[in-house]
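Since the structure comes first, as structure tokens, the remarks are kept for the end.
Structure representation (structure tokens):
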């Protein structure tokens, strides 16, 4: 089956814009006194099904994780170029790598900080690779970054170095793909994002 066109994807997204949270709903959520009240507002929106599946209001992280996965799956179905689309989700892989590496090097498990879905790589694959220190099943751009982190951490344990190395590797990968695909628009988008972060 041929990939959808950019025009198709844009039209589909445009049609979904009216389902975005309104300013009024966001303000009501900000002013809510509890997680239950926030979820009550969300139950009046596109997110009603996800809200109804929660066992408790404080399980909202599960809902967010599910919505990220739903968004990822949606973009995979309408994207004319999955390699470009995946660039918008690679940040979740790198976020999880930072959490896992900091846990390894600092001895502090923080599984609650992991993003369970929505990345390009399964979380279990990342966990196993970090635990076993075997990066052979990971893409080359991640493998090289992890090897660089290991080398840097063997000299001095510095958790900030983990973030610096992984952020650099993530943006290098993004810009390499944009250059290979000759996609100036996405290249410029991520250039602005990187400039804002730094």
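In the working numbering, the protein residues as written are 1376 to 1573.
Where a beta carbon is used, it is the ideal one built from N, C-alpha and C, also for glycine.
Nearest to residue 1430 by C-alpha distance, out of 1526, 1414 and 1383, is 1414.
For residue 1521 against residue 1510, the beta-carbon gap comes to about 5 Å, under 8 Å, which counts as contact. Setting aside the 5 residues that flank it on each side, residue 1523 is surrounded in the same chain by 1540, each with a C-beta closer than 6 Å to its C-beta; the list follows chain order. According to the DSSP assignment, residue 1505 belongs to the alpha helix (DSSP H) that extends over 1498-1507. Taking 7 Å as the cut-off, the Cβ atoms of residue 1549 and residue 1472 do not count as close. Rounded to whole angstroms, the gap between the alpha carbons of residue 1411 and residue 1460 is 34 Å. When secondary structure is reduced to three states using DSSP, residue 1537 falls in the helix class. Secondary structure of residue 1558 (DSSP, three-state): coil. Around the beta carbon of residue 1572, fewer than 16 other beta carbons lie within 10 angstroms, which makes this residue exposed. The beta carbon of residue 1469 sits closer than 6 Å to the beta carbons of 1541 and 1545 from its chain, once the five residues preceding and following it are set aside; these are given in chain order. Nearest Cα to residue 1441 within the set 1427, 1504 and 1405: 1427.
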